[in-house]
Amino acid sequence: MSREQMIHDAAMEIMRDVGVRIHNEKAAKILRDHGIRMEGDTAFFTEEQVMHWVRKAPESFTLYARNPKYDTVIGGDHINPAATYGCAFIDDWDGTRRRGTMDDYIKCLKLVQAEDSYSINGGIMIQPGDIPEETAAVELFYTALLHSDKAIMLPTGFKKEMELIVEAGCELFGGKDAFIEKPRMIALINTVSPLTLDERMLDCLMILAEYGQPVIVCPAAMLGATGSLSMAGTIASGAAESLAGIVLAEMIRPGTPVVFGIQSTAADMRGGITFACAAPEGTLMQGFAANLAKFYGLPSRGGGCQTDAPVINCQAGYESMLTFSSAYRHGINLIMEAGGVMDSVNATSFEKMIVDFEIIRQVKASFTPIEVNEETLNLEEIKEIGHDGSFVTSDYTLENYRDLYSPHVGPRNGKGEAYFKSSIDVEIDRLLKKYENDKPELDSELKNKVKAVLEKSGLNLD
Numbered sequence: 111m112s113r114e115q116m117i118h119d120a121a122m123e124i125m126r127d128v129g130v131r132i133h134n135e136k137a138a139k140i141l142r143d144h145g146i147r148m149e150g151d152t153a154f155f156t157e158e159q160v161m162h163w164v165r166k167a168p169e170s171f172t173l174y175a176r177n178p179k180y181d182t183v184i185g186g187d188h189i190n191p192a193a194t195y196g197c198a199f200i201d202d203w204d205g206t207r208r209r210g211t212m213d214d215y216i217k218c219l220k221l222v223q224a225e226d227s228y229s230i231n232g233g234i235m236i237q238p239g240d241i242p243e244e245t246a247a248v249e250l251f252y253t254a255l256l257h258s259d260k261a262i263m264l265p266t267g268f269k270k271e272m273e274l275i276v277e278a279g280c281e282l283f284g285g286k287d288a289f290i291e292k293p294r295m296i297a298l299i300n301t302v303s304p305l306t307l308d309e310r311m312l313d314c315l316m317i318l319a320e321y322g323q324p325v326i327v328c329p330a331a332m333l334g335a336t337g338s339l340s341m342a343g344t345i346a347s348g349a350a351e352s353l354a355g356i357v358l359a360e361m362i363r364p365g366t367p368v369v370f371g372i373q374s375t376a377a378d379m380r381g382g383i384t385f386a387c388a389a390p391e392g393t394l395m396q397g398f399a400a401n402l403a404k405f406y407g408l409p410s411r412g413g414g415c416q417t418d419a420p421v422i423n424c425q426a427g428y429e430s431m432l433t434f435s436s437a438y439r440h441g442i443n444l445i446m447e448a449g450g451v452m453d454s455v456n457a458t459s460f461e462k463m464i465v466d467f468e469i470i471r472q473v474k475a476s477f478t479p480i481e482v483n484e485e486t487l488n489l490e491e492i493k494e495i496g497h498d499g500s501f502v503t504s505d506y507t508l509e510n511y512r513d514l515y516s517p518h519v520g521p522r523n524g525k526g527e528a529y530f531k532s533s534i535d536v537e538i539d540r541l542l543k544k545y546e547n548d549k550p551e552l553d554s555e556l557k558n559k560v561k562a563v564l565e566k567s568g569l570n571l572d
């Protein structure tokens, strides 16, 4: 029996015998109406019920961007990084920590728009402390539309906010039928480990499923805290949480695109319980979750470029390289938090974001298969130069030397203590200038339609 089958069997036993708590009356009613046994707020699923609905979800789907250049396939062999997510603070280079602002959010949008490694932008990349929480999701969504035309990651807010966002999506993409026809926006639906789905996340899931928009259903348990100390046990209970949300989405609109996620990792219990996002256990569990997603015929989600370091240092570098290279090697389809995350997902650093851009590029380059053909074997030159010559001035070198990887930060001939930070500053300036030179525009008529919908929240979006 495969490990995936054993985890699946354990998840089915958990869903059957322990159940998943559903803190949402509407969601509970939908489950009950479709034959799921409810005892109080706990839903109990049979394997037959789970698999009946899971099989209705697509193995992969295209997330259509406003600019078709950034249409994104999620599933199969496709690997897509998405930048920092959920951080309330900004860490400056010198270690100073401050609350994030809307100006920080806009800067983040611009850097991700300008960086070629990403085709997805938006969401809660930074939680600005200078806007009201009650309407933050609406304001973040509108701001992302103004500054990016890449595929849309949505912020998840309160029910009323999500209703307005999907109404605005209908205006943006040609009406409700056209909006439902194609996946246009994707959102992260976090579970509450152990074995719980909360009201706010379920509201967002149900609204998005009604409009056929993709959801990522993902636990983030801590070994020995909100999950079993056993990695296998935590993966099994996380699978139960994720599958419960996926079943609900498919009941609302069969065929709704979903992503099976596991962001679980270790807990550091020295002096308190800390979410150790860069722990090796996390890379193992998220990597295994990619296999489990394939087992269910679903796309996968994990994390990368993550660090528990409170400042940019050697630890931040090796942990970020470890987590992203592991996610890439395991073939995770959507790698979130891959760009700028610091201190166990407590803060975002723009300088760290630039370092992570470099990590992503280098990992992609290092996993690119070597091209072997008559031209690349280059036997004629090898024979001609023989034992004593040099390839420095050979035709093949002169024609192709620009194909060698050249780092954007951390030049190989750097000197002095300040060279690394200086190269980061230069790259930030380059990307911001690139953004200004190729700034995306939102059609004024569409902008006014979207704005009119979103201002029903009480915001003035001028």
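With my numbering, letter number 363 in the sequence shown gets 473, and the count goes up by one each step, no holes.
Even for Gly, the Cβ is constructed at its ideal location relative to N, Cα and C.
- Note that the C-beta distance between A376 and L408 is not below 7 Å.
- Per DSSP, the beta bridge partners of S410 are F370.
- Here P265 is buried, its C-beta having at least 16 other C-beta atoms within 10 Å.
- Counting only runs of at least 3 residues, the stretch 417–479 fully encloses the following beta strand (DSSP E) elements, listed from N- to C-terminal order: 444–446.
- Beta-bridge analysis with DSSP links N300 to C328.
- Here F385 is bridged, per DSSP, to A377.
- A contact between stretches requires three or more CB pairs, one per stretch, nearer than 8 Å, and the stretch 147–166 fails this requirement with the stretch 274–281.
- In the displayed model, C197 falls within a strand according to three-state DSSP.
- In this model, T306 and E481 are separated by some 48 Å (Cα to Cα).
- For V183, the closest C-alpha among the options D378, T152, T344 and P367 is that of P367.
- Apart from sequence neighbours up to five positions away, the residues of its chain that approach T393 with a beta-carbon distance below 7 Å are L432, T433 and S436, ordered along the chain.
- The Cβ atoms of A247 and E271 sit closer than 7 Å to each other.
- Residue nearest to E447 within the set T194, H188 and R165 is T194 (criterion: CA-CA distance).
- By the neighbour-count criterion, in which 16 or more other beta carbons inside 10 Å mark a residue as buried, S476 falls on the exposed side.
- Contact between R411 and G371 is confirmed by a C-beta separation of about 3 Å, below the 8 Å threshold.
- Taking a cut-off of 8 Å for Cβ pairs, the stretch 461–473 and the stretch 214–227 touch, as three or more such pairs fall below it.
- Beta-bridge analysis with DSSP links M263 to G232 and I296.
- Its Cα nearest to that of R310, the residue G267 stands out among E351, A342 and G267.
- If you draw a straight line from the Cα of K525 to the Cα of K531, it is about 11 Å long.
- The beta carbon of D181 lies closer than 6 Å to those of T172, Y174 and A175 in the same chain, with the five residues before and after it left out.
- Rounded to whole angstroms, the Cβ separation of A137 and L255 is 29 Å, and the two are not in contact under 8 Å.
- DSSP links P191 through a beta bridge to I445.
- Annotation for V560: A278, E281 and L282 place their beta carbon closer than 6 Å to its own, counting only its chain and skipping 5 residues before and after.
- If you look at A342, you'll find it in the alpha helix (DSSP H) that goes M341 to I362.
- A Cβ-Cβ separation of about 6 Å places P329 in contact with S352 under the 8 Å criterion.
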